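Participant: Chains A and B are the protein sequences, given in the same order.
First residue of the first sequence? That's 6 in the working numbering, and the numbers climb one at a time after it.
First residue of the second sequence? That's 2 in the working numbering, and the numbers climb one at a time after it.
Attaching a single structure in structure tokens format; questions to follow.
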Amino acid sequence: MAKHIFVSYVEDKPGVLNRVASLFRRRAFNIESLTVGHTEQGGVSRMTIVVDADEMTARRIEANLYKLVNVLRVDDVTNQPSVVRDLALIKVAVTSTNRTEVMQLADVFRARIVDVTNESLIIEITGAEDKIEGLIEVLRPFGIIEMVRTGLVAMSRGASSVSPNPPLVAAALPEGAPAQLDPAVAMSV
Amino acid sequence: MKKTGAQIVWECLVREGVKTIFGYPGGAILPTYDAMLDYPIHHVLVRHEQGATHMADGYARASGKVGAAIATSGPGATNMVTGIATAMMDSSPIVCITGQVGSKAIGSDAFQETDVTGVTLPITKHNYLVTRAEDIARTIREAFYIAASGRPGPVLVDITKDAQQGTCDFDWDAAAPQLPGYRPNLRALPEEFQKALDLINNAKRPLILAGHGIMMSGARKQVLEFAERAQVPIAMTLLGLGAIPASHPLNLGMMGMHGEAWVNNAIQQADLLLAFGMRFDDRVTGNIKTYALNAKKIHIEIDPSEINKSVKVDVGIVGDLRETLEELLPGVKAADHSEWIDYINEMKGDSAVRDIQSLPDTGHLYAAHVINDIWHYTSGKAIVVSDVGQHQMWEAQYYKHDDERSLITSGGLGTMGFALPAAIGAKFACPDKEVWVVAGDGGFQMTMAELATIAQENLKINVAIINNGYLGMVRQWQEFFYEKRYAATPMLSPDFVKLAEAFDIKGMRVTKRSEVQAAVEEARAHPGTVVMDFRVEQEDSVFPMVPAGADLHAMIRRPKRDVMAETGADEGEWDLGATK
Numbered sequence: 006m007a008k009h010i011f012v013s014y015v016e017d018k019p020g021v022l023n024r025v026a027s028l029f030r031r032r033a034f035n036i037e038s039l040t041v042g043h044t045e046q047g048g049v050s051r052m053t054i055v056v057d058a059d060e061m062t063a064r065r066i067e068a069n070l071y072k073l074v075n076v077l078r079v080d081d082v083t084n085q086p087s088v089v090r091d092l093a094l095i096k097v098a099v100t101s102t103n104r105t106e107v108m109q110l111a112d113v114f115r116a117r118i119v120d121v122t123n124e125s126l127i128i129e130i131t132g133a134e135d136k137i138e139g140l141i142e143v144l145r146p147f148g149i150i151e152m153v154r155t156g157l158v159a160m161s162r163g164a165s166s167v168s169p170n171p172p173l174v175a176a177a178l179p180e181g182a183p184a185q186l187d188p189a190v191a192m193s194v
Numbered sequence: 002m003k004k005t006g007a008q009i010v011w012e013c014l015v016r017e018g019v020k021t022i023f024g025y026p027g028g029a030i031l032p033t034y035d036a037m038l039d040y041p042i043h044h045v046l047v048r049h050e051q052g053a054t055h056m057a058d059g060y061a062r063a064s065g066k067v068g069a070a071i072a073t074s075g076p077g078a079t080n081m082v083t084g085i086a087t088a089m090m091d092s093s094p095i096v097c098i099t100g101q102v103g104s105k106a107i108g109s110d111a112f113q114e115t116d117v118t119g120v121t122l123p124i125t126k127h128n129y130l131v132t133r134a135e136d137i138a139r140t141i142r143e144a145f146y147i148a149a150s151g152r153p154g155p156v157l158v159d160i161t162k163d164a165q166q167g168t169c170d171f172d173w174d175a176a177a178p179q180l181p182g183y184r185p186n187l188r189a190l191p192e193e194f195q196k197a198l199d200l201i202n203n204a205k206r207p208l209i210l211a212g213h214g215i216m217m218s219g220a221r222k223q224v225l226e227f228a229e230r231a232q233v234p235i236a237m238t239l240l241g242l243g244a245i246p247a248s249h250p251l252n253l254g255m256m257g258m259h260g261e262a263w264v265n266n267a268i269q270q271a272d273l274l275l276a277f278g279m280r281f282d283d284r285v286t287g288n289i290k291t292y293a294l295n296a297k298k299i300h301i302e303i304d305p306s307e308i309n310k311s312v313k314v315d316v317g318i319v320g321d322l323r324e325t326l327e328e329l330l331p332g333v334k335a336a337d338h339s340e341w342i343d344y345i346n347e348m349k350g351d352s353a354v355r356d357i358q359s360l361p362d363t364g365h366l367y368a369a370h371v372i373n374d375i376w377h378y379t380s381g382k383a384i385v386v387s388d389v390g391q392h393q394m395w396e397a398q399y400y401k402h403d404d405e406r407s408l409i410t411s412g413g414l415g416t417m418g419f420a421l422p423a424a425i426g427a428k429f430a431c432p433d434k435e436v437w438v439v440a441g442d443g444g445f446q447m448t449m450a451e452l453a454t455i456a457q458e459n460l461k462i463n464v465a466i467i468n469n470g471y472l473g474m475v476r477q478w479q480e481f482f483y484e485k486r487y488a489a490t491p492m493l494s495p496d497f498v499k500l501a502e503a504f505d506i507k508g509m510r511v512t513k514r515s516e517v518q519a520a521v522e523e524a525r526a527h528p529g530t531v532v533m534d535f536r537v538e539q540e541d542s543v544f545p546m547v548p549a550g551a552d553l554h555a556m557i558r559r560p561k562r563d564v565m566a567e568t569g570a571d572e573g574e575w576d577l578g579a580t581k
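Dropping the structure here:
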């Protein structure tokens with residue numbers, strides 16, 4: 006089992022998130038995180054889905070995502086050069102004596118202090134998962150009161166976009182297929 | 002042109018070619034029912050909405066066209082769930098239209114409100130909630146397109162009451178489907194074809210696994226051309242029966258849990274499996290770890306998510322089967338596999354002598370005899386709709402289907418109660434064909450209220466109840482695997498003859514093998530529906546059998562002699578309901 010990161014473009018319609026989540030539940034795929042947000046295009050949302058799966062399962066997930074009528078495109082960016090980011094807000098218990106120490110630690114991780122009270126700090130950190138894990142580890146002794154993480158978002162590097170077809174089947178759209186069936190056309194990517 | 006949402010529903014259904022719709026009215030769908038009277042669509046009033054979905058399913062399977070069903074919100078829609086799941090598992094194209102409470106009331110737990118798109122999400126190919134009259138036309142067009150294209154399946158359209166009542170411009174052409182993410186027609190790349198051809202042209206012991214996809218794709222001609230040229234024997238899945246004529250010399254018969262021994266052994270010994278429009282169901286493979294270890298595998302399948310799902314294949318070709326075979330055929334070389342075919346036929350000879358049909362008449366009535374006689378006297382030309390259980394397997398073994406779409410049965414979901422309503426749908430699809438129901442006493446009782454639908458619609462269907470006073474298949478498992486502890490399997494049934502008569506339908510009872518022929522002929526000659534109660538051996542079992550999860554070659558074979566005679570089972574009074 007290994008971590009796979011999928012980037013999926015979906016139609017921005019009611020219930021689409023439910024369809025994707027339901028698919029993972031129904032097929033017993035192990036989902037680690039799922040984020041969803043708007044894209045540069047109206048009517049199109051983008052999901053970053055992190056799953057724990059072996060290679061064969063990852064290909065099945067991809068094919069099953071493509072089966073959903075509202076899913077426009079799926080890219081497995083796991084092994085592609087890509088930028089992967091997680092954001093965390095961490096509320097840490099501090100006292101007047103150790104506040105400076107905590108702020109220095111945050112600084113080392115290039116995290117930002119976004120809220121200060123007499124008893125606590127909120128630290129905002131963005132980065133790859135291991136960097137965030139590292140900060141959490143050094144903060145834990147001070148007492149983490151509360152924490153929230155967004156889950157991963159990912160984008161492949163470079164200017165080119167990725168093939169709109171599931172590579173597991175080495176399949177392509179037939180020649181002369183109606184343009185409306187081609188997500189590449191539909192999305193003008 | 003201004004129309005109400007309700008009128009638009011029917012305008013679209015008429016344009017989609019719907020002639021018959023199966024349904025049940027209710028509050029939230031009333032505006033649509035009111036508009037129905039002005040359109041040339043025959044509405045069949047069912048007795049339970051589950052029946053409506055099975056009828057639409059049976060219609061679709063018999064005709065190859067999309068079946069349509071309609072019901073109200075809440076309980077009307079939830080009653081459809083079993084039928085929708087059945088259609089989903091067997092890739093049957095149906096469109097279900099359900100009423101929904103007014104859009105303002107959604108989420109308020111209004112009377113007869115259920116989140117139907119939520120409930121049916123995992124058991125539909127796609128579903129819709131429509132809250133505006135303006136969206137009805139495009140949604141219904143998309144629903145029919147999605148249901149019928151690619152790998153077919155059920156689509157549900159849930160329409161709020163205010164959307165049905167609202168008024169808007171109706172423009173059919175402007176309402177063309179807009180489905181940017183839907184790609185039903187993927188095709189494999191050329192290199193995959195070459196890989197497949199290399200395996201095909203070098204195989205010594207090739208075998209075709211023929212599934213339901215052959216019929217749905219219309220690929221019978223291509224499969225036969227392939228098999229005959231390369232001399233490849235063919236094993237059938239349950240839903241594939243009829244896709245290739247049973248009488249074709251290369252057709253070996255059914256594979257799987259109750260498939261014939263020579264077929265399963267051929268699979269285990271083949272060096273190349275060609276899976277044509279089938280999905281390696283667990284009832285077909287047995288223990289996956291020991292399945293066809295000698296064989297390379299080529300899977301031609303329209304649904305990419307099926308490839309490598311349960312059986313890892315060497316070449317997966319995504320695409321419509323007919324188109325794919327057309328592309329493959331020029332590269333398929335003529336071959337001679339007579340050694341392999343002779344070998345399989347030798348195995349077959351051994352099994353054939355165990356066949357119950359070759360036993361003399363010892364006074365026992367076996368389901369196999371009944372089904373064999375029905376096959377014989379209908380010349381194998383009937384559409385047989387079977388239910389789920391022992392009789393379903395005997396039907397598959399003893400009714401030799403030569404024609405496509407001549408066997409309709411719930412394979413994937415195994416839905417008891419499917420047969421009677423599905424047969425009604427099949428009869429509407431093919432009014433000129435002879436339609437038979439083969440059902441067990443258990444399954445028949447699940448949906449027997451649809452006899453009233455048959456009576457109201459004045460249909461001619463021959464219903465053969467294979468009555469053994471048990472939930473036979475479960476009883477068989479209890480006999481084999483649970484020390485004959487018959488928990489909740491003995492079943493008391495009503496007098497089916499009297500029951501039929503209560504619906505003004507002819508009823509008959511048959512208890513002897515010698516009476517079967519006359520009964521079948523009498524039923525066929527009768528102008529109306531006939532319900533036939535065949536009182537068969539109570540503790541007969543389906544052989545051969547691969548126990549669930551066992552290796553495909555580890556079959557429990559047919560006993561060599563008459564089981565009942567050997568065990569000295571009671572020859573006297575048929576014990577109706579061993580519960581006494």
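Note that CB positions come from ideal geometry on N, CA and C, so glycine has one too.
None of these values were measured; they are calculated from a predicted model.
Indicate whether I303 (chain B) and G151 (chain B) have their beta-carbon atoms separated by less than 8 Å.
Facilitator: Numbered from 1 along the second sequence, position 302 holds the residue referred to as residue 303 (chain B). Numbered from 1 along the second sequence, position 150 holds the residue referred to as residue 151 (chain B). In this structure, G151 (chain B) lies closer than 8 Å to I303 (chain B) by Cβ.
Participant: Which residues in chain A sit within 7 Å of L414 (chain B), going by Cβ to Cβ distance?
Facilitator: Residue 414 (chain B) sits at position 413 when you count from the first residue of the second sequence. Under the 7 Å cutoff, chain A gives no residues; its nearest Cβ is about 15 Å from L414 (chain B).
Participant: Please confirm whether F145 (chain B) and V102 (chain B) have their CB atoms less than 8 Å apart.
Facilitator: Against the second sequence, residue 145 (chain B) aligns to sequence position 144. Against the second sequence, residue 102 (chain B) aligns to sequence position 101. Cβ atoms of F145 (chain B) and V102 (chain B): not closer than 8 Å.
Participant: Below 8 Å, how does it come out for the region 338-347 of chain B and the region 483-497 of chain B: are there three or more Cβ pairs, yes or no?
Facilitator: no
Participant: Mapping DSSP to helix, strand and coil, what is D101 (chain B)?
Facilitator: Residue 101 (chain B) sits at position 100 when you count from the first residue of the second sequence. Asp is not the amino acid found at residue 101 (chain B); the sequence shown has Gln there. In this structure, Q101 (chain B) counts as strand in the three-state DSSP scheme.
Participant: Hey, does V74 (chain A) have any beta-carbon neighbour from chain B nearer than 8 Å?
Facilitator: The residue labelled residue 74 (chain A) in the question sits at position 69 within the first sequence. Chain B contact via Cβ: present.
Participant: Which residue from B:G441, B:V10 and B:E347 puts its Cα closest to that of I539 (chain B)?
Facilitator: If you number the second sequence from 1, residue 539 (chain B) lands on position 538. Per the sequence shown, the amino acid found at residue 539 (chain B) is Gln instead of Ile. Between Q539 (chain B) and the set B:G441, B:V10 and B:E347, the nearest pair of CA atoms involves B:G441.
Participant: Please list the partners that N35 (chain A) has in chain B, where partner means a Cβ-to-Cβ separation under 9 Å.
Facilitator: Position 30 of the first sequence, counted from the first residue, corresponds to residue 35 (chain A). Near N35 (chain A) there are no residues of chain B at all, since even the closest Cβ is about 17 Å away, more than 9 Å.
Participant: By DSSP's criteria, N468 (chain B) is part of a beta bridge. Which residues make up the other side?
Facilitator: To locate residue 468 (chain B), count along the second sequence from 1; it is residue 467. Bridge partners of N468 (chain B): B:R536.
Participant: Strictly below 8 Å CB to CB, what residues from chain A border T147 (chain B)?
Facilitator: Counted from its first residue, the second sequence places residue 147 (chain B) at position 146. In the sequence on display, residue 147 (chain B) carries Ile and not Thr. Neighbours of I147 (chain B) on chain A, chain order: V74.
Participant: Could you give the DSSP three-state label for D337 (chain B): helix, strand or coil?
Facilitator: What you label residue 337 (chain B) is simply residue 336 of the second sequence in a count that begins at 1. Here D337 (chain B) sits in coil by DSSP.
Participant: Are any of the Cβ atoms in chain B nearer than 8 Å to that of R51 (chain A)?
Facilitator: Taking the first residue of the first sequence as position 1, residue 51 (chain A) is located at position 46. With 8 Å as the cut-off, R51 (chain A) does not count as an interface residue toward chain B.
Participant: Could you have a look at M2 (chain B) and say whether DSSP puts it in helix, strand or coil?
Facilitator: As a first step, residue 2 (chain B) is located in the second sequence; it is residue number 1 there, counting from the start. If DSSP states are grouped into helix, strand and coil, M2 (chain B) belongs with coil.
Participant: Going by the DSSP bridge assignment, what does G132 (chain A) pair with across the sheet?
Facilitator: The residue given as residue 132 (chain A) occupies position 127 in the first sequence. Bridge partners of G132 (chain A): A:D91.
Participant: Start and end of the alpha helix (DSSP H) containing V21 (chain A)?
Facilitator: Within the first sequence, the letter at position 16 stands for residue 21 (chain A). Counting along the chain, the alpha helix (DSSP H) containing V21 (chain A) begins and ends at V21 to R31.
Participant: What would DSSP say about M546 (chain B), mapped onto helix, strand or coil?
Facilitator: Position 545 of the second sequence, counted from the start, is the residue given in the question as residue 546 (chain B). Three-state result, M546 (chain B): strand.
Participant: Within the 8 Å Cβ cut-off, does L329 (chain B) reach chain A?
Facilitator: Here residue 329 (chain B) is taken as the residue at index 328 of the second sequence, counted from 1. False, the Cβ-Cβ gap to chain A never drops below 8 Å.
Participant: Can you tell me which of the three DSSP states H127 (chain B) falls into?
Facilitator: As a position in the second sequence, residue 127 (chain B) is number 126, starting the count at 1. In the structure shown, H127 (chain B) sits in a strand (DSSP, three-state: E or B).
Participant: Using 8 Å as the threshold, is the region 44-58 of chain A in touch with the region 13-32 of chain A, meaning 3 or more CB pairs across them?
Facilitator: yes
Participant: Assuming S93 (chain B) contacts R62 (chain B) under a Cβ cut-off of 8 Å, what Cβ separation, rounded to an integer in Å, is found between them?
Facilitator: By 1-based counting over the second sequence, the position of residue 93 (chain B) is 92. By 1-based counting over the second sequence, the position of residue 62 (chain B) is 61. Rounded, the Cβ-Cβ distance is 6 Å, consistent with contact.
Participant: Mind reading off the beta-carbon distance from V438 (chain B) to L421 (chain B)? Whole number of angstroms is fine, and I expect it under 8 Å.
Facilitator: For the purposes of this step, residue 438 (chain B) is taken as residue 437 along the second sequence, with counting starting at 1. For the purposes of this step, residue 421 (chain B) is taken as residue 420 along the second sequence, with counting starting at 1. Under the criterion of beta carbons closer than 8 Å, V438 (chain B) and L421 (chain B) qualify as touching, at roughly 6 Å.
Participant: At 9 Å on the CB atoms, spell out the chain B contacts of A164 (chain A), in chain order.
Facilitator: By one-based count along the first sequence, residue 164 (chain A) stands at place 159. Residues of chain B passing the Cβ test: none, with the nearest at roughly 23 Å.
Participant: Looking at the structure shown, is K8 (chain A) part of a helix, part of a strand, or coil, going by DSSP?
Facilitator: Residue 8 (chain A) sits at position 3 when you count from the first residue of the first sequence. Residue state, collapsed to three classes: strand.
Participant: With C-beta atoms as the reference, is R323 (chain B) less than 8 Å away from A271 (chain B)?
Facilitator: The sequence position of residue 323 (chain B) within the second sequence is 322, counting from 1. The sequence position of residue 271 (chain B) within the second sequence is 270, counting from 1. Cβ atoms of R323 (chain B) and A271 (chain B): not closer than 8 Å.
Participant: Quick check: what's the CA-CA separation for N265 (chain B) versus R558 (chain B)?
Facilitator: To locate residue 265 (chain B), count along the second sequence from 1; it is residue 264. To locate residue 558 (chain B), count along the second sequence from 1; it is residue 557. The straight-line gap from Cα to Cα measures roughly 12 Å.
Participant: Report yes if the CB atom of H43 (chain B) is closer than 8 Å to the CB atom of T73 (chain B), and no otherwise.
Facilitator: Start at 1 with the first residue of the second sequence, and residue 43 (chain B) comes out as number 42. Start at 1 with the first residue of the second sequence, and residue 73 (chain B) comes out as number 72. Contact flag unset, no.
Participant: Assess, as a yes-or-no matter, whether the region 70-88 of chain B is touched by the region 17-35 of chain B under the definition of 3 or more beta carbon pairs within less than 8 Å.
Facilitator: Result yes; three or more Cβ-Cβ pairs closer than 8 Å.
Participant: Helix, strand or coil, according to DSSP, for Y378 (chain B) in the structure here?
Facilitator: Locating residue 378 (chain B) in the second sequence gives position 377, where the first residue counts as 1. Note: Y378 (chain B) maps to helix in three-state DSSP.
Participant: In this structure, how does DSSP classify S101 (chain A) when only helix, strand and coil are distinguished?
Facilitator: As a working note, residue 101 (chain A) is residue 96 in the first sequence. Coil at S101 (chain A), not helix or strand.
Participant: Measure the CB-CB distance between V312 (chain B) and K298 (chain B) and report whether it falls below 8 Å.
Facilitator: Residue 312 (chain B) sits at position 311 when you count from the first residue of the second sequence. Residue 298 (chain B) sits at position 297 when you count from the first residue of the second sequence. It is a contact, given that the beta carbons lie within the stated cut-off.
Participant: Just the C-alpha distance for D172 (chain B) and L180 (chain B), rounded to the nearest angstrom, thanks.
Facilitator: The count along the second sequence starts at 1 and reaches residue 172 (chain B) at position 171. The count along the second sequence starts at 1 and reaches residue 180 (chain B) at position 179. Approximately 18 Å between the Cα atoms of the pair.
Participant: Return helix, strand or coil for E16 (chain A), following the three-state DSSP convention.
Facilitator: The sequence position of residue 16 (chain A) within the first sequence is 11, counting from 1. Here E16 (chain A) sits in strand by DSSP.
Participant: I believe G243 (chain B) touches D404 (chain B) by the beta-carbon criterion, under 8 Å. Please report the beta-carbon distance rounded to the nearest angstrom.
Facilitator: If you number the second sequence from 1, residue 243 (chain B) lands on position 242. If you number the second sequence from 1, residue 404 (chain B) lands on position 403. The Cβ separation is near 6 Å, so the contact holds.
Participant: Helix, strand or coil for T580 (chain B)? Go by DSSP, reduced to three states.
Facilitator: As a first step, residue 580 (chain B) must be located in the second sequence, where it is residue number 579. With a pLDDT of 37 at T580 (chain B), under the threshold of 50, the predicted position of this residue should be treated as unreliable, and no value is reported.
Participant: From A36 (chain B) to P185 (chain B), what does the alpha carbon distance come to, in whole angstroms?
Facilitator: Stepping through the second sequence from its first residue, residue 36 (chain B) is reached at position 35. Stepping through the second sequence from its first residue, residue 185 (chain B) is reached at position 184. When rounded, the distance between both Cα atoms is 34 Å.
Participant: Measure from the alpha carbon of F227 (chain B) to the alpha carbon of each residue in B:L239, B:M217, B:H213 and B:L251, then state which is nearest.
Facilitator: Your numbering for residue 227 (chain B) matches position 226 in the second sequence. The shortest Cα separation from F227 (chain B) among B:L239, B:M217, B:H213 and B:L251 belongs to B:L251.
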